[in-house]
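Notes for the one structure printed next.
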Amino acid sequence: MVNSQKVGSKFSIVNILGAEILRGNCAREETQFDISTLPSGLYFLQLNGKIFKVDLQK
Numbered sequence: 008m009v010n011s012q013k014v015g016s017k018f019s020i021v022n023i024l025g026a027e028i029l030r031g032n033c034a035r036e037e038t039q040f041d042i043s044t045l046p047s048g049l050y051f052l053q054l055n056g057k058i059f060k061v062d063l064q065k
């Protein structure tokens with residue numbers, strides 16, 4: 008779950024190579040999106056001008 012603090016905030020998830028994997032707009036202040044189909048690895052969530060590291064391990 009992501010807390011965007013603002014409805015309509017844009018987000019994107021990129022992989023370690025910088026390729027955009029997923030993007031969209033937050034429909035609510037708290038938004039969930041499914042990353043279960045992504046392979047294990049390091050990803051970055053870009054939201055509200057900030058970048059967060061996501062280490063996905065299965």
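Using my numbering, you'd call the opening residue of the sequence shown number 8 and step up by one each time.
Beta carbons: idealized from backbone N, C-alpha and C, even for Gly.
Which residues in the same chain have their Cβ closer than 6 Å to the Cβ of residue i, if we skip the five residues on either side of it in sequence?
| i | result |
| --- | --- |
| residue 15 | 32 |
| residue 40 | none |
Does the distance from the C-beta atom of residue i to that of residue j stay below 9 Å?
| i | j | result |
| --- | --- | --- |
| residue 46 | residue 65 | yes |
Taking 8 Å as the cut-off, is the C-beta of residue i nearer than that to any heavy atom in the ligand NAP?
| i | result |
| --- | --- |
| residue 39 | Annotation note on the ligand NAP: not contained in the displayed structure, which lists no ligands. |
Which residue's Cα is closest to the Cα of residue i: the options?
| i | options | result |
| --- | --- | --- |
| residue 43 | 34, 54, 29 | 29 |
| residue 26 | 57, 34, 17, 52 | 52 |
| residue 23 | 48, 58, 38 | 48 |
By Cβ distance, which residues of its chain are closer than 8 Å to residue i, with the 5 residues on each side in sequence left out?
| i | result |
| --- | --- |
| residue 58 | 51, 52 |
With a threshold of 7 Å on Cβ separation, who are the neighbours of residue i within its own chain once the five nearest residues in sequence on each side are excluded?
| i | result |
| --- | --- |
| residue 63 | 42, 45, 47, 48, 50 |
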